[in-house]
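Accompanying notes for the structure given below.
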Amino acid sequence: MALTGLLESSLKLILFGGKGGVGKTTCASSAGLYLANNNKNALLISADPAHSLSDSLGKAIGDGVKQIEGVDKLSAIEISAEKALSRFKIEYEDELRRLLDTSTYLDGEDIDSVLALPIPGIDEVMGFKTIVDFIEEGKFDKYIVDTAPTGHALRLLTFPELLDDWIKVMAKMRWKYRYMVTSFAGKYKPDSADDFLMSMKKTVKKIEGLLRGQSRCEFIMVTIPEDMAIKETERMIKSLDQYGMKVKQMVINHVIPEQADCPFCQGRREEQDEYIGQIREKFSDLKITIVLLQPHEIKGIDALKNIGSMVFAA
Ligand SMILES: Nc1ncnc2c1ncn2[C@@H]1O[C@H](COP(=O)(O)OP(=O)(O)OP(=O)(O)O)[C@@H](O)[C@H]1O
Ligand SMILES: [Mg+2]
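My numbering puts the last residue of the sequence shown at 294; the count rises by one with no breaks.
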């Protein structure tokens, strides 16, 4: 069986995720090529801080959208979460300053130190906002995300909740300020800090809607037939489910061909068969695609296209 449904026009965001080293980048790159070859304008996005799209495609990419030479409809970007965060801070510095100034007892110097503090997870949050902004912009038909291994990808997906909590705290502090202004001045006129909180709230809603929209977004799980990978896959599917994301398809990569005639390969395949059986049993409601271990690593456009022709179907 192959991965299907990727050409559906309602499907915009396709994320590949799983344990370290199982083939996420390979699947994401070959999905990008498959979609581009099927006349879809595709943007391949790396959200893994240890970017490897450039290595996989054999083309330099970097943190700006780049059209992939020789593939008309494919572009790619390796998101720099750090840069996304500093852009955010520059864009909203006035609003953030105003929020802290009116809602806390901090003075100018204290506010400077708060703004300079690293907030755990905020760079990932901003990395995700970059993805959402791309989708909003709507220049491409498909956005394919190569995520970092499990833990990081899950943190990325908790973004809406994280940001929502932050907005709630800020809004609460603002209410106190608003109450004070109203008591002293009689009436309160919303300012740019209020607009900022509102626009952040809208971003959260948009992301939640996007991630939970079954037809607009699909998370494809990549795994290998090994005990530890299966356990991690199971935990990840459960966590995704809690965020309202239902995984429907899974790739089992690195499967040794059945007809291999060396005893070593046969031994490994027998062991793999055990695990493939376990996967089919545990995830009986998922569509499973087997990807065979290739004699060479999968690097460069031709190798990725080749594997794509086996992995994807309309
Ligand atoms: N079916 C396959 N046959 C042969 N080599 C493969 C296969 N799938 C992936 N590879 C190779 O395995 C290595 C790891 O693959 P890849 O980088 O796609 O994994 P990843 O899950 O993205 O890893 P990371 O968690 O480090 O980001 C690469 O060198 C890739 O070329
Ligand atoms: Mg990778």
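For every residue, glycine included, the Cβ atom is placed at its ideal position computed from N, Cα and C.
Taking one beta carbon from each stretch, the segment 195 to 209 and the segment -9 to 11 have 3 or more pairs nearer than 8 angstroms; the two touch. In the same chain as L272, and ignoring 5 residues on each side of it, the C-beta atoms closer than 6 angstroms to its own belong to V235, P237, in chain order. Between L13 and G288, the CB-CB gap stays under 8 angstroms.
A distance filter of 6 angstroms between CB atoms and the heavy atoms of ligand 1 selects the following residues in sequence order: G0, G1, V2, G3, K4, T5, T6, D28, S32, P129, N233, H234, V271, L273, Q274, E277, I278, K279. Across the set T130, E277, I210, the C-alpha of I210 shows the shortest separation from the C-alpha of F263. If the five residues before and after L76 are omitted, its C-beta is found closer than 7 angstroms to the C-beta atoms of L95, all from its own chain and listed in chain order. DSSP, read as helix, strand or coil, puts Y123 in strand. In the three-state reduction of the DSSP assignment, S26 falls in the strand class. Setting aside the 5 residues that flank it on each side, I115 is surrounded in the same chain by K(-8), L(-7), Y123, L190, each with a C-beta closer than 8 angstroms to its C-beta; the list follows chain order.
As the crow flies, the alpha-carbon of E261 is around 15 angstroms from that of I270.
Fully contained in the segment 173 to 234 are the following alpha helix (DSSP H) runs of length 4 or more, in chain order: 207 to 222. If you compare the alpha carbons of L(-17), A(-18), A11 with that of D282, the shortest gap goes to A11. I57 is bridged by DSSP to I25. Annotated three-state conformation of T269 is strand, per DSSP. At least one heavy atom of ligand 2 falls within 7 angstroms of the beta-carbon of D126.
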